[in-house]
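A short worksheet on the structure shown next.
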Amino acid sequence: MTGTDTTGTQADTGYRRNYFRWLWQQLHGWPIQNYMLWFFAFGFQLGLLVSQPFTWVSVVTFFATIVGTLCVLAINATKAVNGWLGIISSAGFIAIAIAAKNYLAVFEQVAYILTLDLPILLAVKSWNDDTKNHLRTFTPRLWAVAIAGTAVVWVLSAWGIGAWTDDPRPWIDGFSFSISLTAGIMCFLRYNNQFYWWLASAVAQLVLWAVTFAQGDASIAMAINSLIYLINDVLAFTTSAWFDRGRRKMGLKPLSELDEARG
Numbered sequence: 000m001t002g003t004d005t006t007g008t009q010a011d012t013g014y015r016r017n018y019f020r021w022l023w024q025q026l027h028g029w030p031i032q033n034y035m036l037w038f039f040a041f042g043f044q045l046g047l048l049v050s051q052p053f054t055w056v057s058v059v060t061f062f063a064t065i066v067g068t069l070c071v072l073a074i075n076a077t078k079a080v081n082g083w084l085g086i087i088s089s090a091g092f093i094a095i096a097i098a099a100k101n102y103l104a105v106f107e108q109v110a111y112i113l114t115l116d117l118p119i120l121l122a123v124k125s126w127n128d129d130t131k132n133h134l135r136t137f138t139p140r141l142w143a144v145a146i147a148g149t150a151v152v153w154v155l156s157a158w159g160i161g162a163w164t165d166d167p168r169p170w171i172d173g174f175s176f177s178i179s180l181t182a183g184i185m186c187f188l189r190y191n192n193q194f195y196w197w198l199a200s201a202v203a204q205l206v207l208w209a210v211t212f213a214q215g216d217a218s219i220a221m222a223i224n225s226l227i228y229l230i231n232d233v234l235a236f237t238t239s240a241w242f243d244r245g246r247r248k249m250g251l252k253p254l255s256e257l258d259e260a261r262g
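When we follow numbering that gives the first Met the number 0, the leftmost residue of the sequence shown carries the number 0, and every step to the right adds one.
The structure is reproduced here in structure tokens:
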């Protein structure tokens, strides 16, 4: 028998009663794989931090990556606390991207804040304890719009940043930016198809920061962080409420029934 969340009709009760306690509770009840991945990321990034000279970049990278990993795992678990975690990690990633001259990575983080983090924090009616029961999937038309939009943003952003700044990697930077921007918008709108974009985004960011490291402009920690994001995206397809395989394990309605209920 398919289960439902009995808190659905009062999804924001905890939010209204004690906001900070509600945020803390948002860190509970995740799939065990999420916690395992975060502790692995924490240990790996800590090892990288202590194995190199301490600089402001290495310290900021450490804190940004561990909070950023917690953020993407919160998205995986359909938890609205990802909004605050995203804002905190974005501040660090912006500083790192400026130092590396990956300027579109700066705009990428600003876009996350404006199109994902802040809207999620404000959208209590759609991002709350009952979010997992209100997810959506793409129609063929939305697939076409998303792919075309991503391509247009890539070309325009890569050309613009290459023409107006000294960004040494405009096309790689632009590719990562376009995919990540589109994925962030999908996430706020609660489309599970975001994870195809997040998967591509993790690969693009892995390439971007690996090239940046090879050219001496960043720590390898950023590339490792992208690899951890990639693992999280793979986990989402099998363990999270965003896809039916994970929903069956949780006793939730399949996504097709949610789409039908919306008409």
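We put the CB at the ideal spot given by N, CA and C, even for glycine.
Given the structure is predicted, the values throughout are model-derived calculations rather than measurements.
* Name the two residues that bound the continuous alpha helix (DSSP H) containing residue 207. => Translated into the one-based positions of the sequence shown, residue 207 becomes position 208. Counting along the chain, the alpha helix (DSSP H) containing residue 207 begins and ends at 193 to 213.
* To do: Please name the residue, chosen from 62, 135, 39 and 78, that lies closest to residue 29 on a Cα-to-Cα basis.
  => Within the sequence shown, numbered from 1, the residue matching residue 29 stands at position 30. The shortest CA-to-CA distance from residue 29 to any of 62, 135, 39 and 78 is the one to 78.
* May I ask you to list the residues that DSSP assigns as paired with residue 135? => For the purposes of this step, residue 135 is taken as the residue at position 136 of the sequence shown. Under DSSP, residue 135 takes part in a beta bridge, and its partners are 190.
* Short check: CB of residue 66 to CB of residue 73, under 8 Å? -> Taking the sequence shown and counting its residues from 1, one reaches residue 66 at position 67. Taking the sequence shown and counting its residues from 1, one reaches residue 73 at position 74. The answer is no: Cβ separation not under 8 Å.
* Asked: Any idea if residue 10 is buried or exposed, counting beta-carbon neighbours within 10 angstroms, 16 or more meaning buried?
  -> Within the sequence shown, the letter at position 11 stands for residue 10. Confidence in residue 10 is poor, its pLDDT being 47 and thus under 50, which makes the residue's placement unreliable; the coordinate value appears in the next sentence. Buried, by the Cβ-count rule.
* **Pairwise C-alpha distance: residue 237 and residue 2** => The count along the sequence shown starts at 1 and reaches residue 2 at position 3. The count along the sequence shown starts at 1 and reaches residue 237 at position 238. Unreliable positioning characterises residue 2 in this predicted model, as indicated by a pLDDT of 43, which lies under 50. A coordinate reading is not provided.
* **Through-space distance from residue 195 to residue 113, alpha-carbon basis** => Looking up residue 113 in the sequence shown gives position 114. Looking up residue 195 in the sequence shown gives position 196. Whole-angstrom Cα-Cα distance: 21 Å.
* Near residue 4, what residues of its chain come up, given a Cβ to Cβ distance below 6 Å and the 5 sequence neighbours on each side ignored? -> If you number the sequence shown from 1, residue 4 lands on position 5. Caution is warranted here: a pLDDT of 43 is assigned to residue 4, below 50, making its placement in the model unreliable, and no coordinate value can be reported.
* To do: Please list, in chain order, all residues of the same chain as residue 244 whose beta carbon is under 6 Å from its beta carbon, the five residues on each side excluded.
  => Looking up residue 244 in the sequence shown gives position 245. Only 237 meet the Cβ criterion.
* Around the C-beta of residue 247, are 16 or more other C-beta atoms found within 10 angstroms, so that it is buried, or is it exposed? -> Looking up residue 247 in the sequence shown gives position 248. Classification for residue 247: exposed.
* Give every residue of the same chain whose Cβ lies closer than 6 Å to the Cβ of residue 204, excluding the five residues on either side of it in the sequence, and list them in chain order. => By 1-based counting over the sequence shown, the position of residue 204 is 205. 175 and 225, listed in sequence order.
* My understanding is that residue 217 touches residue 44, with C-beta atoms under 8 Å, so please give their C-beta distance in whole angstroms. => In the sequence shown, residue 217 corresponds to position 218, counting from 1. In the sequence shown, residue 44 corresponds to position 45, counting from 1. A Cβ-Cβ separation of about 14 Å leaves residue 217 out of contact with residue 44 under the 8 Å criterion.
* Under 8 Å between the Cβ atoms of residue 57 and residue 69? -> Indexing the sequence shown from 1 puts residue 57 at position 58. Indexing the sequence shown from 1 puts residue 69 at position 70. Cβ atoms of residue 57 and residue 69: not closer than 8 Å.
* Could you check the C-alpha separation between residue 212 and residue 125 for me, to the nearest Å? => Working through the sequence shown from its first residue, we reach residue 212 at position 213. Working through the sequence shown from its first residue, we reach residue 125 at position 126. One alpha carbon belongs to residue 212, the other to residue 125, and they sit about 39 Å apart.
* Asked: Helix, strand or coil: which one does DSSP assign to residue 127?
  -> Taking the sequence shown and counting its residues from 1, one reaches residue 127 at position 128. In the structure shown, residue 127 adopts coil according to DSSP, grouped into three states.
* Whole-angstrom distance between residue 75 and residue 61, CA atom to CA atom -> Sequence index remark: in the sequence shown, residue 61 carries index 62 (1-based). Sequence index remark: in the sequence shown, residue 75 carries index 76 (1-based). Our two residues, residue 61 and residue 75, have alpha carbons roughly 21 Å apart in a direct line.
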